[in-house]
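Following: one structure in structure tokens, then a few remarks.
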Amino acid sequence: MRWTKTFIPTLKEAPAEAEIPSHQLLLRAGLVRKLAGGLYTFLPAGIRVLRKIEAIVREEMDCAGALEVLMPALQPPEIWKASGRYEQAADVLFKVRDSKNREWLLGPTHEEVITTLASTELQSYRQAPINFYQIQTKFRDEIRPRFGLMRAREFIMKDAYSFDVSDEAAMVSYQKMYDAYVQVFKRCGMTAFPVEADTGVMGGRHSHEFMVPAPTGESEVAYTEDGSYAANLEKANSQGAITATPSECTGELEKFATPKVKTIENLAQAPYNVAAEAQIKTLVFIAEDKPAIALVRGDDQINESKLCSALGTAIFRAAEAEEIHAALGAHPGSLGAVGVKDIPVFADEQLRNAAGMTTGANEDGFHLRNVNTARDLLDVKWADLRTVREGELSEGGHPLKIQRAIEVGHVFKLGTKYAEALGANFLAEDGKQHPFVMGCYGLGVTRTLQAIIECSNDEHGVVWPQAVAPWQVCLTVLDIAPEGEVMETAQSIYNELTAAGVEVLMDDRDVRPGVKFKDSELIGIPVRVSVGERSLKEGNVEFTVRSEGGRENVPVAEAVARVRATLS
RNA sequence: CGGAACGUAGCACAGCCUGGUAGUGCGCCUGCUUUGGGAGCAGGAAGUCGGAGGUUCGAAUCCUCUCGUUCCGACCA
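With the first letter of the first sequence counted as 1, position 561 gets the number 561 in our numbering; the numbers rise by one all the way through.
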């Protein structure tokens with residue numbers, strides 16, 4: 001490809017809207033342009049990278065035995081109502097109406113569609129195991145699209161769905177996808193490590209996310225350095241807080257005045273001096289229109305994913321001050337669960353044997369001291385509700401670290417939830433109908449593209465891994481006069497490389513050398529071969545590996561072999 | 001959806017406080033020079049100052065509303 005025959009609009013400066021390096025480079029290297037928030041046009045160089053990632057994904061999926069299909073993006077709401085997600089996922093669903101005013105959904109994912117297909121097409125245990133995948137555009141009404149392709153409203157995802165006859169068989173399918181994902185990210189030149197994940201609104205049980213460590217990532221991962229444990233912070237657990245929770249009974253319950261105390265912090269200071277770990281933090285949520293109380297230690301943070309599991313519903317939110325007052329008779333700052341009867345109370349395990357604690361008295365301006373959770377709390381449901389902190393010990397006894405990461409893939413063992421809801425049953429050997437045990441496997445293709453840039457760039461621009469680079473070689477021609485020796489040498493190198501199947505971008509633009517060098521580095525092509533009068537006089541061309549920098553003279557005759565050796 | 005900031009030429013920004021001819025750099029077009037690390041000179045095109053209303057003799061500038069963008073929190077590939 002000649003540069004003058006394609007379209008690579010590079011930018012010297014990053015547009016103000018782009019904050020993180022990968023987003024800036026996406027724009028500066030001429031890969032994409034924004035149409036509106038979370039909506040991007042892929043330009044020629046961008047689409048080349050995208051196709052390469054897709055090809056890797058396809059190969060690994062095919063290799064794992066998954067079958068490619070293509071499902072409609074437009075979906076009938078009925079199947080979403082049947083699975084229960086029409087309400088559950090309402091906030092991300094794009095809804096459209098046709099000319100007859102009938103409602104349709106733009107698919108954010110395809111469990112409902114594939115399960116509907118399975119309900120009629122898969123009838124016998126003999127058809128399992130089977131796994132369908134597609135690479136398709138998804139739509140999600142993200143409340144806040146951001147960071148370019150990282151969180152877009154329209155994005156490309158590879159989604160796969162496995163159907164098995166038993167839990168054990170489903171684990172085999174799950175493991176195949178897990179292994180395939182490891183391969184995909186490795187081939188894309190990235191370190192993506194699997195971590196245990198929360199299953200969230202998707203339902204199901206067993207789940208891993210594939211995470212690319214990056215300070216700009218939107219997820220947080222807790223892990224141990226010895227590699228024995230890694231989990232999404234939403235899911236991570238530990239042996240408990242580093243500091244012990246008080247457990248000595250200090251006497252009878254006692255109410256005391258705490259005017260102006262609104263926070264854990266206030267109470268921790270003089271004149272009260274109640275350490276945060278000796279306080280009980282009381283949080284009120286509205287779960288499916290009813291109040292519920294969650295208790296964690298004063299210095300702990302509630303983990304809403306864990307709370308979701310404890311509550312048994314994803315439909316909950318923090319209560320408003322008025323709702324709290326109506327439920328408990330006090331405002332935030334003076335809340336507690338002592339004596340609460342009619343509202344369900346969920347307490348974190350860290351508080352199970354706590355004694356001598358302090359908590360709000362449900363009377364504005366008052367707290368209770370000498371609280372003994374076993375004695376003073378009625379009908380508590382104990383659960384792990386806290387977010388782990390760095391330094392705590394994993395179950396295996398190793399200290400936890402916490403790091404930000406980009407989630408590029410997610411594998412789930414779904415169980416029978418969707419199969420049951422949508423009637424995807426098979427006739428088993430025993431002559432009875434059973435629901436299929438499903439798994440679903442998402443991989444963000446466009447997000448992966450940006451994640452690769454995020455972890456592979458330098459001050460000059462993108463540094464594409466070979467496998468996904470838009471072109472493998474940039475042939476920089478420093479004198480474009482058509483009949484000149486420089487151009488003729490370049491053309492013959494171009495012809496030979498192209499004939500050998502190497503993808504070459506020949507920079508034949510009428511611009512100064514500096515511009516060509518800068519641009520080739522900005523768009524990040526792995527190998528650059530510069531042909532110019534100066535080195536040609538010595539019979540050489542210049543050879544530069546993007547990831548290494550520097551330059552090396554290589555005789556013209558050896559240039560092609562050298563490139564091929566470097567790329568192999 | 002809660003909090004904050006910002007919308008002026010394709011891009012980056014100044015001008016706004018204190019109302020009075022819309023600017024700078026990059027990019028783009030023409031010409032000349034230059035030609036190995038984002039060239040120089042000369043000339044040129046390009047802006048409903050996000051939109052609507054208001055105040056005023058006069059609004060990019062002050063006021064109100066609105067739309068959009070970005071950032072921080074609650075959701076996810």
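From the three backbone atoms N, C-alpha and C, an ideal C-beta is built for every residue, glycine too.
Predicted model, so just to flag it, every value in this text is computed and none were measured.
In the region 520-558, which residue ranges form an unbroken alpha helix (DSSP H) of at least 4 residues, counting only runs that do not cross its ends?
Within the region 520-558, the alpha helix (DSSP H) runs of at least 4 residues that lie entirely inside it are, in chain order, 533-536.
Can you name the residues that DSSP bridges to A257?
For A257, the pairing in a beta bridge is given by DSSP as F366.
Close-in-space but distant-in-sequence residues of the same chain around D376 (CB under 7 Å, 5 per side omitted)
Short of 7 Å from the beta carbon of D376, and not among the five residues preceding or following it, lie these beta carbons of its own chain, in chain order: L253, V338.
P513 in three-state terms, based on DSSP
DSSP places P513 in helix when its eight states are reduced to three.
DSSP three-state assignment for G46, whether helix, strand or coil
In this structure, G46 counts as helix in the three-state DSSP scheme.
Within 10 angstroms of its Cβ, does G444 collect 16 or more other Cβ (buried), or is it exposed?
Counting Cβ neighbours within 10 Å, G444 comes out buried, since at least 16 surround it.
Could you say which of F42, T109, G148, C249 lies nearest to P72 if we only look at CA atoms?
Ranked by how close their Cα comes to the Cα of P72, the residues F42, T109, G148, C249 have T109 in first place.
Could you tell me if Q75 is buried or exposed, where buried requires 16 or more neighbouring beta carbons within 10 angstroms of its beta carbon?
Here Q75 is buried, its C-beta having at least 16 other C-beta atoms within 10 Å.
How is E349 classed by DSSP in three states: helix, strand or coil?
In the structure shown, E349 sits in a helix (DSSP, three-state: H, G or I).
Can you list, in chain order, the residues of its chain with a C-beta nearer than 8 Å to that of L50? Leave out the 5 residues immediately preceding and following it.
Contacts found: F42, I156, V445, T446, L449.
Have a look at the DSSP bridge pairing and note the partners of L70.
Per DSSP, L70 has no beta-bridge partner at all.
Using 10 angstroms around the beta-carbon of V515, count the other beta-carbons present and answer buried if the total reaches 16, otherwise exposed.
Under this definition V515 is an exposed residue.
With a Cβ-Cβ cutoff of 8 Å, do L567 and V486 count as a contact?
L567 places its beta carbon 8 Å or farther from that of V486.
Do the CB positions of V195 and A231 come within less than 8 Å of each other?
The answer is yes: Cβ separation under 8 Å.
According to DSSP, is V560 helix, strand or coil?
Residue state, collapsed to three classes: helix.
Straight-line CA distance for P213 to Y181?
Approximately 16 Å, taken between the alpha carbons.
When you compare only the Cα positions, how much space is there between K100 and R317?
Their Cα atoms are separated by approximately 36 Å.
Taking the alpha carbon of T489 as the reference point, which residue from F94, E429, M177, G539 has its own alpha carbon closest?
The residue with the shortest Cα to Cα distance from T489 is G539.
Should R297 be counted as a contact of the ligand ZN given a C-beta to heavy atom distance under 7 Å?
As for the ligand ZN, it is missing from this structure, which has no ligand bound.
Residue ranges of each alpha helix (DSSP H) run of no fewer than 4 residues wholly in the region 353-411, ordered along the chain?
As far as the region 353-411 is concerned, its whole alpha helix (DSSP H) runs of at least 4 residues are 373-376.
Shortest alpha-carbon distance to T250 belongs to which of E234, T243, A278, T263?
Each of E234, T243, A278, T263 was checked against the Cα of T250, and the nearest Cα belongs to A278.
Near G550, which residues of its chain fall below 7 Å by C-beta distance, leaving aside the five closest residues on each side in sequence?
Excluding sequence positions up to five before and after G550, its CB lies within less than 7 Å of the CB of T544, all in the same chain and listed in chain order.
Pick helix, strand or coil for W464, following the three-state DSSP scheme.
Coil at W464, not helix or strand.
Taking just the CA atoms, how far does T191 sit from R528?
Going from the Cα of R528 to the Cα of T191 covers about 25 Å.
For N303, list the residues DSSP reports as bridge partners.
Looking at the DSSP assignment, N303 forms no beta bridge with any residue, so it has no partner.
DSSP state of F132, grouped into three classes?
DSSP, read as helix, strand or coil, puts F132 in strand.
Measure the CB-CB distance between A178 and H206 and report whether it falls below 8 Å.
Rather than Ala, the amino acid found at residue 178 in this sequence is Tyr. Result no, Cβ atoms of Y178 and H206 do not sit closer than 8 Å.
Is it the case that the Cβ atoms of P291 and A347 are separated by a distance below 8 Å?
In this structure, A347 does not lie closer than 8 Å to P291 by Cβ.
Sequence ranges, alpha helix (DSSP H) only - wholly within the region 205-271, length at least 4:
Along the region 205-271, the alpha helix (DSSP H) occurs as fully enclosed runs of 4 or more residues at 264-268, listed in sequence order.
Excluding the 5 residues flanking P215 on each side, which residues of the same chain have their C-beta closer than 7 Å to its C-beta?
The beta carbon of P215 is closer than 7 Å to those of R404 in its chain, skipping five residues each way along the sequence.
Mind checking K260: buried by the 16 CB within 10 Å criterion, or exposed?
Answer is exposed; the Cβ neighbour count stays below 16.
Contact belief for T258 with G336 at Cβ below 8 Å, rounded distance in angstroms
That belief does not hold up - the Cβ atoms of T258 and G336 are roughly 12 Å apart, past 8 Å.
Whose C-alpha, out of S124, D164, G148, is nearest the C-alpha of I130?
Scanning S124, D164, G148 for the CA closest to the CA of I130 turns up D164.
Terminal residues of the beta strand (DSSP E) in which T282 lies
Here the beta strand (DSSP E) through T282 covers 280-287.
Distance between beta carbons of V462 and L25, contact taken as under 8 Å:
Confirmed, Cβ separation roughly 5 Å.
What three-state label does DSSP hand N273 in the structure shown?
Three-state result, N273: coil.
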